[in-house]
Structure formats: C-alpha cells, structure tokens
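Colleague: The following block contains the structure, expressed as structure tokens.
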Amino acid sequence: MGVRRLLPGIVALCLGAVLARWVARVVGVNHLLVAIALGVVVSNAVGLPDDCDPGVATHKLWLGSGIVLMGASISTATVLEVGGPVFLVVLAVTGITLVVVELLARNVFGLTERLGTLLAAGASICGVSAVVAVAGAVRATEDQVAYAAATVLLFDAITIVVYPIVGDLLDLSGAVFGTWAGVSMFSTGPVVAVGFAYSDAAGQWATMTKLSRNALIGVVVLGYASYYAQRGDDGAASVRTLWAEFPKFVLGFLALAALSSLGVFSSAQQASIEHAYNWLFLLAFVGLGTEIRLADIKSTGLLPAVVVLLALLVGSLLSLTVLSVLF
185 MGVRRLLPGI VALCLGAVLA RWVARVVGVN HLLVAIALGV VVSNAVGLPD
235 DCDPGVATHK LWLGSGIVLM GASISTATVL EVGGPVFLVV LAVTGITLVV
285 VELLARNVFG LTERLGTLLA AGASICGVSA VVAVAGAVRA TEDQVAYAAA
335 TVLLFDAITI VVYPIVGDLL DLSGAVFGTW AGVSMFSTGP VVAVGFAYSD
385 AAGQWATMTK LSRNALIGVV VLGYASYYAQ RGDDGAASVR TLWAEFPKFV
435 LGFLALAALS SLGVFSSAQQ ASIEHAYNWL FLLAFVGLGT EIRLADIKST
485 GLLPAVVVLL ALLVGSLLSL TVLSVLF
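The sequence shown begins at 185 in this note's numbering and counts up by one.
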C-alpha cells in the first residue's frame, strides 16, 4: 500500500528527469537547472494531482542518496590539502551570518526574537531544514516557521539564478565557485545544483563544503535551546530531536569517501556510480523545483527578506574575497 501511494509521484519525477535531460541536450543548458525550472513551471502553471504529492516528496531522499554516492568520486588528497582553511572559512561565515541576522532582526528591524532566530538558523546553516530543527527546539509558532521558511525559499530561488551568472562574469575556478556556493548559499539542493551546473569540480567542492556546514546544525540547535531555556522561554532539545534533524547522508558520504581513498572502487565502478548519482540528482531537482511556489514567495514579509538579504551580501562578499585569495 505504501509503495502504491508513492508510485504516481515517483513516476512524475522520473518523467521530469528524462524530459529535463532531453531539453538540456536540445537547448544546450545544464540539465540540473532545467530540472529545477521544469519543476517550477509544472508546480506553478499546471499543478500536480494530489496523489502525486507523497511520491514527489521523496526528492529529499534521492538528493541524500546522490550525495552519498558522490562520496565515491571524491579525491580525499585534494580535500586534505586545503580542508583546514576551508573549514575555518565555513565556521567564520556561518558565525558571522548568524550574528548579523540576529543583530539586524532584533536591534534594527524590530522582528520578534524567535523569528530572528529562525531566520539566523536558516541563513547560516542549511535553509528550511535548520529552520524546522531550531523551531522545534525553541517552541516557535507556526506563523514564524512559515515566514522564515518562505524567506529562505525566496533566496534559494534567487541564488540559483544569480550565482552561476556571477561565477561566469568573474571567471571563477571550479574550486572557488563551488566552495563559495557551499559556504554562502542556504539550502543543500540549490547548492549542489548550481555547483554541478558550473562544473563537476565545482559541484564536488560545493557539496563537500555544504555538508561540513550542515554538520553544525546540532551545535546551533543546542545553543539556541540552551539560550531560551535559561531565559525561561521553554526551549528544549533532546538527543532524539537532534538525531532526527541531523543530515544522516553526511555519514554515508564520508564512508564512501573513505572507501574511495583506500582504492576500493575501480575506474569503471566510479564511472557507474557517477552516472547513478547524476540521475538521482535529476530526480531530486525536479522535486525541488515543485517546492518553489511563487504565491508563497510573494507573501513573504519585506522585513525578514531585507534582513536575510543584508546577511547574505555580507557572507557572500566576505567568503568570495577570502576564497579568491586562498585558492
């Protein structure tokens, strides 16, 4: 019964992936961006039948599976060569973005504390996933979660378009562009999409950087829960909550990367795995596109969007400057 419920949506994702691949070859545009655009058009112009919703929602599973498989093609020697400095950039930009959003939200634009907290978590860690994780820890209201999530999705849609354009204009290398996207964009899906749309090297760097940033979600959830609990605002974060929200595909990615570094996979096997995760990404990005609802984005309040925009500009410009020197 469960499989039957998922089947219509999964079939829709598969058809969208095949169509996106064909359109990309005909038009000469990256297939991952076509997949997202196709999902946006279908969701906003046509709409999907309700029985497709459960299956389409599995796109997060396909994204995670693709990221896990991508670990088999990672060059750990390259990662170790600049891994330390890049992780310091991740920590710095994450911390600065979080602080900038909190200060602007509370002291400049007068947003409520919890809304500012959700915006800070979403902008600094991993988009809507961080918003949901922190919301559960600080007892945020549904309206606050909706505003923060809509704001994050607005900038996901904008950065998917803007970042590749800026990368081309500045002629950034794959390593710089991918790390820049991974350290400053919000949600995992858009980061992986623009990275691989730019180049394979950029896609790998974008994914690795974003995963290291995602892993900080536990620290942020615990920090906010402790802060609100000490103030008597009923903040709470259990081990079960942290494990439920932790991006577990990070562990699978690291496991396959370790096996790859030991020479477990042959060149032919790595080529097959790369082919597999490319198709998984296509499925995921068709589904991701369906989540970008223009009506919801239009309803986003102006002040939350301004706060997040200013923080994005600070984090983006700072990280791009440092990475251009580092690489």
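Using N, Cα and C, we set each Cβ at its ideal position, and we do this for glycine too.
Under a Cβ-count criterion, where at least 16 other Cβ atoms within 10 Å of its own Cβ denotes burial, should residue 374 be classed as buried or exposed?
Modeller: Sequence index remark: in the sequence shown, residue 374 carries index 190 (1-based). Classification of residue 374: buried, given that the 10 Å Cβ count is 16 or more.
Colleague: Return the CA-CA distance between residue 458 and residue 291, expressed in angstroms with no decimal places.
Modeller: If you number the sequence shown from 1, residue 458 lands on position 274. If you number the sequence shown from 1, residue 291 lands on position 107. Looking at the backbone, the Cα of residue 458 and that of residue 291 are separated by about 48 angstroms.
Colleague: May I ask you to report which of helix, strand or coil DSSP gives residue 234?
Modeller: Numbered from 1 along the sequence shown, position 50 holds the residue referred to as residue 234. If DSSP states are grouped into helix, strand and coil, residue 234 belongs with the helices.
Colleague: Would you say the region 193 to 213 touches the region 327 to 344, given that touching needs at least three Cβ pairs under 8 angstroms?
Modeller: no
Colleague: In whole angstroms, what is the alpha-carbon distance linking residue 212 and residue 502?
Modeller: As a position in the sequence shown, residue 212 is number 28, starting the count at 1. As a position in the sequence shown, residue 502 is number 318, starting the count at 1. C-alpha of residue 212 to C-alpha of residue 502: approximately 33 angstroms in a straight line.
Colleague: Please name the residue, chosen from 413, 304, 316, that lies closest to residue 368 on a Cα-to-Cα basis.
Modeller: Within the sequence shown, numbered from 1, the residue matching residue 368 stands at position 184. With distances taken between Cα atoms, residue 368 lies closest to 304.
Colleague: What separation, rounded to the nearest whole angstrom, lies between the Cα atoms of residue 454 and residue 218?
Modeller: Residue numbering aside, residue 454 sits at position 270 when the sequence shown is read from its first letter. Residue numbering aside, residue 218 sits at position 34 when the sequence shown is read from its first letter. Each residue's Cα considered, the two are about 25 angstroms apart.
Colleague: Helix, strand or coil for residue 475 per DSSP?
Modeller: Within the sequence shown, residue 475 is the residue found at index 291, counting from 1. Looking at residue 475 - three-state DSSP - the assignment turns out to be coil, as it is neither helix nor strand.
Colleague: Given residue 189, which residues of its chain have a CB within under 6 angstroms of its CB, disregarding the five upstream and five downstream residues?
Modeller: Numbered from its first residue, the sequence shown carries residue 189 at position 5. These residues qualify, in order along the chain: 238.
Colleague: According to DSSP, simplified to helix, strand and coil, what is residue 371?
Modeller: As a working mapping, residue 371 is identified with position 187 in the sequence shown. Looking at residue 371 - three-state DSSP - the assignment turns out to be coil, as it is neither helix nor strand.
Colleague: CB of residue 407 to nearest heavy atom of the ligand ADP: below 7 angstroms?
Modeller: Although the ligand ADP was asked about, the structure shown includes no ligands whatsoever.
Colleague: Verify whether the separation of the beta carbon atoms of residue 495 and residue 216 is less than 8 angstroms.
Modeller: Working through the sequence shown from its first residue, we reach residue 495 at position 311. Working through the sequence shown from its first residue, we reach residue 216 at position 32. Against a cut-off of 8 angstroms, the Cβ pair of residue 216 and residue 495 comes out as no contact.
Colleague: Contact between the region 402 to 413 and the region 380 to 389 is defined here as three or more beta-carbon pairs at a separation below 8 angstroms; is this criterion met?
Modeller: no
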